[in-house]
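Q: Our numbering applies: residue 4 is where the sequence shown begins, and numbers increase by one.
I'd like to ask some things about the structure below.
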Amino acid sequence: MQKKKRKQQKNFLDYLFFILVALGFVWTIALWSTAKSPAQSGSAGSKPNNSRSISEKNNQTSKKKSSQNSSSKTSSSASSSDAQLASAKQKNFALGTTLSSDQPYTDYPYLKSQGISFAYFRATTGSSSLDNLFSSSIKSAKDAGLSVGAMLVFDSSTTAYGSYLYFVQKVGKETGNLPIAIYVSDDSITDSGSITNLQGLIQDLKDYYPNNSVIVRCDKAIYDKVQSQLTSLNIKYWLIENNLDNIGSAVQFVQYNANGKIGSGIRSFRLPISAFDGSKTDLKKFSEGIEK
Numbered sequence: 004m005q006k007k008k009r010k011q012q013k014n015f016l017d018y019l020f021f022i023l024v025a026l027g028f029v030w031t032i033a034l035w036s037t038a039k040s041p042a043q044s045g046s047a048g049s050k051p052n053n054s055r056s057i058s059e060k061n062n063q064t065s066k067k068k069s070s071q072n073s074s075s076k077t078s079s080s081a082s083s084s085d086a087q088l089a090s091a092k093q094k095n096f097a098l099g100t101t102l103s104s105d106q107p108y109t110d111y112p113y114l115k116s117q118g119i120s121f122a123y124f125r126a127t128t129g130s131s132s133l134d135n136l137f138s139s140s141i142k143s144a145k146d147a148g149l150s151v152g153a154m155l156v157f158d159s160s161t162t163a164y165g166s167y168l169y170f171v172q173k174v175g176k177e178t179g180n181l182p183i184a185i186y187v188s189d190d191s192i193t194d195s196g197s198i199t200n201l202q203g204l205i206q207d208l209k210d211y212y213p214n215n216s217v218i219v220r221c222d223k224a225i226y227d228k229v230q231s232q233l234t235s236l237n238i239k240y241w242l243i244e245n246n247l248d249n250i251g252s253a254v255q256f257v258q259y260n261a262n263g264k265i266g267s268g269i270r271s272f273r274l275p276i277s278a279f280d281g282s283k284t285d286l287k288k289f290s291e292g293i294e295k
């Protein structure tokens, strides 16, 4: 009986020991898991943060470099513009600009005070488009003491007579005291027919406005295309290029800066700047000759 009782006590102790060992094992695993989880979480979180930090630093560096490059280019362009303007003034050329409803400006006395002597205004395009600021602008600029001129935009899809007739109907005698300018864009001369069309337009304008000469405003590529075929019309040119190297002889005007600075301080602004092959005095005499 006693043996049986001892055996039962031993079995109970063995069972209790087994339970304690199992609980200890479970507790150990729980502690290990709890300790490891924050470490893993912290480790996993730290990598993206480091990656994001590096990425943000790289983006900031890239933006800074881009801003510096952009600023450098703008500064370089502005410096070049100012240098060209200083060069034109030093050579004593009369300076002017081109204006339209797309790029309006109305303080003509201020333009004149800043060394601008002439202004051209876009009048018509082809046979169907009139710049609605032309008439009031050309009159106001002339009243302010500027020499002024009218510009017709050449449209190769319109007949020479159609463009000429529309210009005469809309502009009449309000052509100013400078040559009538025909602007020929770099994509408007596509074949010999385009040049023939341009020839007809020039001749029609010369016949109707005998006191006004006619000039062709274009870039060097168009000049090289048309110059030899327009020789018989005895016209002058207004080149669009970034320098004054070709001014003189057949080239009467040069737009040497598409974004020139005018004025200073808070009143400074930018407009296309052109030079006339002559001084302000020469320009005045030239304009007076057209007005007679």
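Ideal Cβ positions, reconstructed from N, Cα and C, are used throughout, including at glycine.
Computed from a predicted model, the values in this text were never measured in an experiment.
Quick check on this structure: which residue in ASP280, GLY268 and PHE272 has the alpha carbon closest to the alpha carbon of TYR259?
A: Your numbering for residue 259 matches position 256 in the sequence shown. Considering only alpha carbons, the answer is ASP280.
Q: Going by the beta-carbon positions, is the gap between ALA147 and TYR123 smaller than 8 angstroms?
A: Reading the sequence shown from its first residue, position 144 is the one you call residue 147. Reading the sequence shown from its first residue, position 120 is the one you call residue 123. The answer is no: Cβ separation not under 8 angstroms.
Q: Looking at C-alpha atoms only, which residue of ASP105, ILE183 and ASN135 is the closest neighbour of SER290?
A: On the sequence shown, position 287 is the one that residue 290 refers to. For the residues ASP105, ILE183 and ASN135, the minimum Cα distance to SER290 belongs to ILE183.
Q: How about the region 183-198 and the region 213-224: do they share at least three Cβ pairs that are nearer than 8 angstroms?
A: As far as the Cβ criterion goes, the region 183-198 touches the region 213-224, which means the pair count is three or higher.
Q: Could you tell me the distance, in whole angstroms, from the CA atom of ASN200 to the CA atom of GLY268?
A: Numbered from 1 along the sequence shown, position 197 holds the residue referred to as residue 200. Numbered from 1 along the sequence shown, position 265 holds the residue referred to as residue 268. Spanning the two alpha carbons is a distance of roughly 46 angstroms.
Q: Since I believe LEU274 is in contact with GLY263 (beta carbons under 8 angstroms), could you give me their beta-carbon distance rounded to a whole number of angstroms?
A: One-based indexing of the sequence shown puts residue 263 at position 260. One-based indexing of the sequence shown puts residue 274 at position 271. Contact flag correct, Cβ pair sits at about 6 angstroms.
Q: Going by C-alpha distance, which of SER271, SER116, SER120 and GLY152 is nearest THR127?
A: As a first step, residue 127 must be located in the sequence shown, where it is residue number 124. Cα-wise, what sits closest to THR127 is GLY152.
Q: Buried or exposed for THR77, going by 16 or more other Cβ atoms inside 10 Å?
A: Within the sequence shown, the letter at position 74 stands for residue 77. Residue placement at THR77 is poorly supported in this model, since its pLDDT is 47, which falls under 50; the coordinates are not used for a value here.
Q: What do you reckon, are the CB atoms on MET154 and THR109 nearer than 8 angstroms?
A: In the sequence shown, the residue the question calls residue 154 occupies position 151. In the sequence shown, the residue the question calls residue 109 occupies position 106. Contact: no.
Q: Within the continuous beta strand (DSSP E) that includes SER277, where are the two ends?
A: In the sequence shown, residue 277 corresponds to position 274, counting from 1. Start and end: 272-279.
Q: Roughly how many whole angstroms lie between the Cα atoms of LEU98 and ILE205?
A: What you label residue 98 is simply residue 95 of the sequence shown in a count that begins at 1. What you label residue 205 is simply residue 202 of the sequence shown in a count that begins at 1. Roughly 25 angstroms between the two C-alpha positions.
Q: Quick one: is ASN135 buried, meaning 16 or more other Cβ sit within 10 Å of its Cβ, or exposed?
A: By 1-based counting over the sequence shown, the position of residue 135 is 132. Answer is exposed; the Cβ neighbour count stays below 16.
Q: The alpha helix (DSSP H) that contains ALA224, what's its start and end?
A: As a first step, residue 224 must be located in the sequence shown, where it is residue number 221. Element bounds for ALA224: 223-229.
Q: Can you find the residues in the same chain that come closer than 7 angstroms, C-beta to C-beta, to TYR212, ignoring five residues on each side of it along the sequence?
A: Stepping through the sequence shown from its first residue, residue 212 is reached at position 209. Closer than 7 angstroms at Cβ, skipping near neighbours: THR178 and ILE183.
Q: What does the alpha-carbon distance come out to for the pair ASP197 and LYS115?
A: Position 194 of the sequence shown, counting from 1, holds the residue named residue 197. Position 112 of the sequence shown, counting from 1, holds the residue named residue 115. It is worth fixing the name first, because residue 197 is Ser in this sequence and not Asp. Between SER197 and LYS115, the C-alpha separation is close to 38 angstroms.
Q: Could you check where the beta strand (DSSP E) with VAL156 kicks off and where it finishes?
A: The residue you call residue 156 lines up with position 153 of the sequence shown. First-last of the beta strand (DSSP E) with VAL156: 150-156.
Q: Smallest Cα separation from PHE96: which of GLY118, LEU133 and GLY175?
A: By one-based count along the sequence shown, residue 96 stands at place 93. The shortest Cα separation from PHE96 among GLY118, LEU133 and GLY175 belongs to GLY118.
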